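Enquirer: Okay, here's the structure, questions in a sec.
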Amino acid sequence: MEELMKNIDQLLGYDPFKLVLSNKSNKDFEFNKIVFNLKIDRESRKYFQIEKYTDKQVFHENIDIAQLQEKLVEYFFNSYKQLDLWSEEYTATLKISKKGKVFLSKKKNQNVVKHDFSHNKEKNYILKEGMLIEPFIDLGIFTKEGKIVKSKYDKYKQINRFVEIIDDEIKKGDYKELTILDFGCGKSYLTFILYYYFVEIKIA
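So for the sequence shown, UniProt numbering puts the first residue at 1; every next one is plus one.
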């Protein structure tokens with residue numbers, strides 16, 4: 001534990017803008033990987049957004065920079081064997097072996113990598129990249145890993161807009177029960193998208 005803390009302290013000294021915990025040591029832990037992304041709010045204050053990936057969903061949590069070390073140690077020590085880091089000057093990997101030994105490797109970037117905060121302004125879609133949404137995979141909008149196929153990005157936005165319209169209507173009323181009718185308009189994939197929305201997002 002002491003050696004792990006020492007190495008994490010060293011890594012955080014590189015001022016990372018992205019960290020990824022992967023290679024689970026605890027197979028029962030629900031998150032396959034956890035990503036920490038440095039972001040900036042409208043008041044120009046920096047914080048980290050945590051993305052926690054399950055097989056089907058991504059859960060988000062925002063934390064202050066001061067909480068980063070605590071969160072890393074909590075998740076890494078109990079559930080993962082690998083931590084990858086990216087900063088403007090370095091890329092680094094911290095690993096824990098089966099015997100509990102800690103290994104740190106780092107490489108200085110040939111060119112300084114400037115972190116671009118512009119992605120913070122991207123729309124927060126209901127059906128997010130990283131979710132394993134079967135209808136999207138079947139339609140070729142997502143890869144099997146949940147990544148957006150670039151040529152299908154317009155269709156991805158269009159379907160998300162459809163779901164947003166439904167979501168807005170649902171929020172307006174305190175519905176205890178819903179009856180959904182499919183009139184067979186030729187867009188059968190929207191039926192499966194709605195099923196995913198209600199079962200995997202709203203009910204979950």
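C-beta: ideal position from N, C-alpha, C; glycine also. These numbers come from a predicted model, not from an experiment.
(1) Just the Cα atoms here: how many angstroms apart are Y153 and I141?
(2) Taking only three categories from DSSP, how would you classify I148?
(3) Within its chain, find whatever has a CB closer than 7 Å to the CB of E129; leave out the 5 residues flanking it on each side and keep chain order.
(4) If you run the structure through DSSP and keep just helix, strand and coil, what is K33?
(5) Would you mind giving the Cβ-Cβ distance between E51 and N37, rounded to the nearest angstrom? I have them listed as a contact below 8 Å.
(6) What number of angstroms, rounded off, separates the C-alpha of F77 from the C-alpha of F183?
(7) Look at Q69 and L12 and say whether their C-beta atoms are less than 7 Å apart.
(8) In this structure, how does DSSP classify T191 when only helix, strand and coil are distinguished?
(9) When you compare only the Cα positions, how much space is there between S25 and V58?
(10) Any idea which residues DSSP pairs A92 with across the strands?
(11) State the Cα-Cα distance for the pair N23 and I96, rounded to the nearest angstrom.
(12) Identify whether S79 lies in helix, strand or coil by the three-state DSSP scheme.
(13) Return the CA-CA distance between L19 and L72, expressed in angstroms with no decimal places.
(14) Of the choices K27, N32, E3, whose alpha-carbon is the least far from that of L132?
(15) Can you give me the C-alpha to C-alpha distance between S150 and E2, rounded to a whole angstrom?
(16) Return yes when the Cβ of N160 is within less than 7 Å of the Cβ of L94, no when it is not.
(17) Which residue marks the beginning of the alpha helix (DSSP H) containing E2, and which one marks its end?
(18) I'd like the span of the alpha helix (DSSP H) that includes V163, first residue to last.
(19) Under the assumption that K107 contacts Y90 (Cβ atoms under 8 Å), give the Cβ distance between them as a whole number of angstroms.
Expert: Taking the geometry as given:
(1) Taking the straight line from one Cα to the other gives about 7 Å.
(2) strand
(3) G146, K147, I148
(4) strand
(5) 7 Å
(6) For F77 and F183, the distance between alpha carbons rounds to 52 Å.
(7) yes
(8) helix
(9) 20 Å
(10) A92 is bridged to L85, K106.
(11) 10 Å
(12) DSSP, reduced to helix, strand and coil, places S79 within a helical segment of the structure shown.
(13) 9 Å
(14) N32
(15) Before going further, note that residue 150 is Lys rather than Ser in the sequence given. Linking K150 to E2 through their CA atoms gives a straight-line distance of about 44 Å.
(16) no
(17) E2 -> alpha helix (DSSP H) spans 2-12.
(18) V163 -> alpha helix (DSSP H) spans 153-172.
(19) Confirmed, Cβ separation roughly 7 Å.
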